[in-house]
Structures are given as C-alpha cells and as structure tokens.
C-alpha cells in the first residue's frame, strides 16, 4: 500500500480552502473537507485513479477530480510506482486558476 506525503504547498492550500469555506459556508466546511480527504484516501488503493498530466517540473504528475458541490476541487499529486509513494502537491477549487507551473506549460503549447 502506498504512503501519502503532503507538501507544504498543499497544507497551505487546505488552510486557504478551509478559511474560505468558514467565511462563505461554515455549515458545509466539515463536509467539504471530509469529501476531499475521502477522495485522497482512495489513492491508497487506486494510486493511478487520477488523469496523467504531462509536466516537465514534476514527473508522474496526476490530477484527481474531487466532486463536491457545484464545481468541486482539483488536486495534483505525483505517484512514484517504484517507491510506492504518493506526494500530494496542491489542491484548488475547480474554478480557480491552475497553479503557475501548469499555466506556463499550457501557454507554451498555444
């Protein structure tokens, strides 16, 4: 079974998302955070469930879609199959802009 490691960036993302929910829908904060962590826990048995995201900066990057509410969340993680290690990189609301390291890649493709 893989091990999951959380980066500093995603820890800060969790705090930001939780703070936003506490301000806008405090009665839904616990439910939303539980949905996020339940989906992340699925990676323990299905580490390749996320869609592969081509990226030069982070090898083996994958995108995990988390359904919740109208739009949901998008988490990025890398999975090292040889080490059986999942590194949770970042998470955002589905309507937020992509992280900077992905935006620059997508702009280069256009």
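In my numbering, the protein residues as written are 9 to 118.
Just so it is clear, CB atoms sit at the ideal spot from N, CA and C, and this is done for glycine as well.
These numbers were taken from a predicted model, which means no experiment stands behind them.
Taking residue 37 as the reference, give the member of 22, 48, 50, 51 with the closest Cα. Position 29 of the chain shown holds residue 37. Measuring from the Cα of residue 37, the nearest candidate turns out to be 22.
Cβ neighbour criterion (16 or more within 10 Å) applied to residue 117: As a working note, residue 117 is residue 109 in the chain shown. With a pLDDT of 48 at residue 117, under the threshold of 50, the modelled position of that residue is not reliable, and no figure is offered here.
DSSP beta-bridge partners for residue 16? Position 8 of the chain shown, counted from the first residue, corresponds to residue 16. Secondary-structure assignment with DSSP links residue 16 through no beta bridge to anything.
With 16 other Cβ atoms within 10 Å as the buried cut-off, status of residue 54: Stepping through the chain shown from its first residue, residue 54 is reached at position 46. By the neighbour-count rule (16 or more Cβ atoms within 10 Å), residue 54 is not buried but exposed.
Going by other Cβ atoms of all chains shown within 10 Å of its Cβ, with 16 needed for buried, is residue 27 buried or exposed? Indexing the chain shown from 1 puts residue 27 at position 19. Around the beta carbon of residue 27, fewer than 16 other beta carbons sit within 10 angstroms, so the residue counts as exposed.
I'd like to know whether the C-beta atoms of residue 99 and residue 11 end up nearer to each other than 8 Å. Indexing the chain shown from 1 puts residue 99 at position 91. Indexing the chain shown from 1 puts residue 11 at position 3. Not in contact: residue 99 and residue 11 (Cβ atoms no closer than 8 Å).
Selection from 65, 9, 74, 92 that minimises the alpha carbon distance to residue 45: If you number the chain shown from 1, residue 45 lands on position 37. Nearest C-alpha to residue 45 among 65, 9, 74, 92: 74.
DSSP three-state call for residue 52: helix, strand or coil? Taking the first residue of the chain shown as 1, we reach residue 52 at position 44. Assignment of residue 52 by DSSP, reduced to helix, strand and coil, places it in the coil class.
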